[in-house]
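Trainee:
Chains as they are written, first to last, in the working numbering: chain A, 1 to 114; chain B, 1001 to 1217.
1) Using a Cβ-Cβ cut-off of less than 8 Å, give me the residues of the segment 1025-1045 of chain B that come near chain A, in sequence order.
2) Locate the beta strand (DSSP E) running through residue 1205/B, then write down its first and last residues.
3) Indicate whether at least one CB of chain A lies closer than 8 Å to the CB of residue 1135/B.
4) Could you compute how far the alpha carbon of residue 121/A sits from the alpha carbon of residue 9/A?
5) So what's residue 1054/B in DSSP terms, helix, strand or just coil?
6) Who are the Cβ neighbours of residue 1103/B in its own chain at under 7 Å, not counting the five residues just before and after it?
7) Since residue 40/A contacts residue 108/A with CB under 8 Å, what's their CB separation in whole angstroms?
8) Run the CB neighbour count on residue 98/A, radius 10 Å, all protein chains shown included, and call it buried at 16 or more, exposed below.
9) Using the Cβ count rule (16 or more neighbours within 10 Å means buried), how would you classify residue 1196/B?
10) Between residue 112/A and chain B, is there a C-beta pair that is closer than 8 Å?
11) When DSSP labels each residue in this structure, what does residue 1159/B get in the three-state scheme?
12) Please go through the same chain and pick out, in chain order, the residues whose beta-carbon is closer than 6 Å to the beta-carbon of residue 1143/B, but skip the five residues on each side of it.
13) Run down chain B in chain order and give the residues with a C-beta less than 8 Å from the C-beta of residue 109/A.
14) Comparing alpha-carbon positions, which option in 15/A, 32/A and 44/A lies nearest residue 91/A?
15) Please report the distance separating the alpha-carbon of residue 1093/B from that of residue 1153/B.
16) Report back the beta-carbon spacing between residue 1109/B and residue 1190/B to the nearest angstrom; my notes put them in contact at under 8 Å.
17) What in chain B is Cβ-close to residue 101/A, meaning under 8 Å?
18) Are any of the Cβ atoms in chain D nearer than 8 Å to that of residue 27/A?
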């Protein structure tokens, strides 16, 4: 996935680190101290449609169905996540119990054009 | 209809850095709460003592949790009542954790150095539902010959969830060599205070169908 430079208009992954201290949530989220909230944005011109790693994208499944039924889709290609990973959290619940869990699909690792 | 709409992630007006950062913080809150199936952030009125928490975390087995549908829980006894010299009632508040499938449960207790020989312990579950208050079910029997922390396995079938989410465990224990004179001098045998607080270690599967599994047609 191309890295996002401010002036890059193309589809890329925009990285953001969120510190739980900034949310005022450090009292109940014990670990980690923060996490990567990345998201995908940018343009997907036709010649980028379907690149890279698109097979893993939910949108690619829908898109190929549309193509199969419709030689020219009327929509445009979209900048979407193509790979994600879970986030392990250790937190206190309402009763003060300590809970350790893995929340699936929380961190976007890669983006692509559907 | 979506096909005709512009691709929401394909550019558009770029936000000022502060506005984007504020948006990202709001997104983060939504994402974390949704990921944990919470409607709002928990208000922690009685945080566990830091030392007890640190010790308990150290005792958790370094078993990685399968993504998305299992949780490990440490629940500290919120109320410890000694009903007699050799008996204590522990109260745990577990709801809504309890709605999932509980498949591993251990009770961690700290035996004091004053143990004169072998400690014979029975663990009962006390009913808390209306009509079952006072009823008790034997969950486990254990014999301990050493002092320090002990992890006592409890049958997960005996810990089926209750609406109240409150779990009461009664501990009846006595030294096997019941030489009362010696016992009297040795004082309490189980440490229920401070950072040697008893706690439950649970592994709970959530009820959701396995997240992240793609159904193949």
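Each residue gets a CB set at the ideal place from its N, CA and C atoms; glycine is no exception. From a predicted model like this one, the values you see are computed outputs, not experimental measurements.
Mentor: Answer, in terms of the structure:
1) 1025, 1027, 1028, 1029, 1031, 1032, 1035, 1036, 1041, 1042, 1043, 1044 and 1045
2) 1199-1205
3) no
4) Missing from the structure shown is residue 121/A; chain A here goes from 1 to 114 and no further.
5) helix
6) 1156, 1203 and 1205
7) 6 Å
8) buried
9) buried
10) no
11) helix
12) 1118 and 1120
13) The contacting residues do not exist; residue 109/A stays about 14 Å from chain B at best.
14) 32/A
15) 19 Å
16) 6 Å
17) 1036, 1065, 1070, 1071 and 1072
18) Checking the listed chains, one finds no chain D in this structure; the protein chains it contains are A and B.
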